[in-house]
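Quick mapping for you: the protein sequence lines, in order, are chains P and V.
All letters in the first sequence, in the order written, are residues 4 to 126 by the working numbering.
All letters in the second sequence, in the order written, are residues 4 to 126 by the working numbering.
Shown next, in structure tokens, is the structure this report addresses.
There are 2 protein chains.
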Amino acid sequence: MAWDLKPDRPIYTQLIEKIQLKIFSGEYPLGSNLPSVRDLASEASVNPNTMQRALAKLEEDGLVVTHRTKGRTITEDADMVKQAKNKLAQIHIFEFLEKMQLMGFSKDEVLVLISEMLKEMKK
Amino acid sequence: MAWDLKPDRPIYTQLIEKIQLKIFSGEYPLGSNLPSVRDLASEASVNPNTMQRALAKLEEDGLVVTHRTKGRTITEDADMVKQAKNKLAQIHIFEFLEKMQLMGFSKDEVLVLISEMLKEMKK
DNA sequence: ATTATTGTATTAAGCTCTTAATACAATAAT
DNA sequence: ATTATTGTATTAAGAGCTTAATACAATAAT
């Protein structure tokens with residue numbers, strides 16, 4: 004499994020995003036057990052402290068639940084997850100459109116470009 | 004003019020992006036004079052060294068030309084600018100679509116969401 | 001000629017992020 | 001009961017980014 008971390012942004016931030024994606028996409032099903040901090044850290048080739056920091060944030064956000072010595076699980080609150088997923092999608096969409104418009108592309112141009120890229124990706 | 008810099012990523016990186024946008028959108032016309040390092044730094048509330056670093060990168064990329072003691076100008080190579088702009092757009096589009104698909108949205112769902120957001124933004 | 005402005009370079013300090021090396025308490029597994 | 005595994009906390013070191021305070025050479029402006 005490739006974590007694909009880059010040095011241009013804090014690692015712990017990228018870890019948070021990666022794990023969020025795994026939850027949203029269903030790779031980590033609701034209620035399932037998460038590997039231990041040490042295992043996750045080793046899997047991502049990252050220091051346990053850094054992984055711990057990411058997990059603490061995910062727990063703060065409610066996506067992950069800690070059971071002390073039993074390890075962590077993904078939340079079972081499907082509504083919460085769905086809401087968080089949609090919120091994140093909205094943010095991505097908005098920031099993307101904002102960037103494109105700042106570059107000088109019109110709304111119609113953006114739609115055309117997106118459609119073209121989607122066709123490319125279907126091949 | 005708001006530079007709107009955030010502490011989550013290196014400042015010099017954000018400066019590069021902002022100035023690129025100003026070139027691509029035409030706010031800095033081709034061939035026009037750029038303010039001095041010190042003026043730009045003061046305008047962005049940033050240390051001159053940091054602005055210098057951003058400008059050096061833009062010069063390396065060919066978007067900006069340095070004339071020693073006469074200051075800097077935007078390149079006059081319209082084709083080069085257009086190419087750089089399109090390349091950046093492709094990167095933004097691809098990364099956006101990649102994120103959305105990793106989150107579990109289908110291509111069709113993405114198109115629908117984008118259209119909805121564009122309608123919102125027209126209001 | 002003198003002055004001001006340009007880009008550029010250097011050195012030091014402070015900050016955050018990351019890694020490393022541990023250690024501890026709680027509890028599941030044996 | 002003992003052992004292993006869990007999350008958690010601490011301290012120290014190093015790396016990169018940023019600011020600060022200068023300094024210098026080249027040249028435009030006066």
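A virtual CB, placed ideally from N, CA and C, is assigned to each residue, including glycine.
Every unbroken stretch of the alpha helix (DSSP H) spanning 4 or more residues and falling wholly within the region 69-113 of chain V is given here in chain order: 81-106.
When C-alpha distances from P/F108 are compared across V/R12, V/S109 and V/Q93, the shortest belongs to V/Q93.
Note that the region 109-123 of chain V does not touch the region 15-31 of chain V; fewer than 3 beta-carbon pairs, one per stretch, sit closer than 8 Å. At least one CB atom of chain P sits nearer than 8 Å to the CB of V/I96. Not a single C-beta of chain P is nearer than 8 Å to the C-beta of V/L61.
Contact holds between the region 60-68 of chain P and the region 76-92 of chain P, because three or more Cβ pairs, one in each stretch, are under 8 Å apart. Not a single C-beta of chain P is nearer than 8 Å to the C-beta of V/I77. Excluding five sequence positions before and after V/Q86, none of the CB atoms of its chain fall closer than 8 Å to its own CB. Under DSSP, P/L37 forms a beta bridge with P/R75. The beta carbon of P/Q55 is closer than 7 Å to those of V40 in its chain, skipping five residues each way along the sequence. In the structure shown, V/V115 falls within a helical segment according to DSSP collapsed to helix, strand and coil.
By the C-beta density criterion, V/K88 is buried, having at least 16 other C-beta atoms within 10 angstroms.
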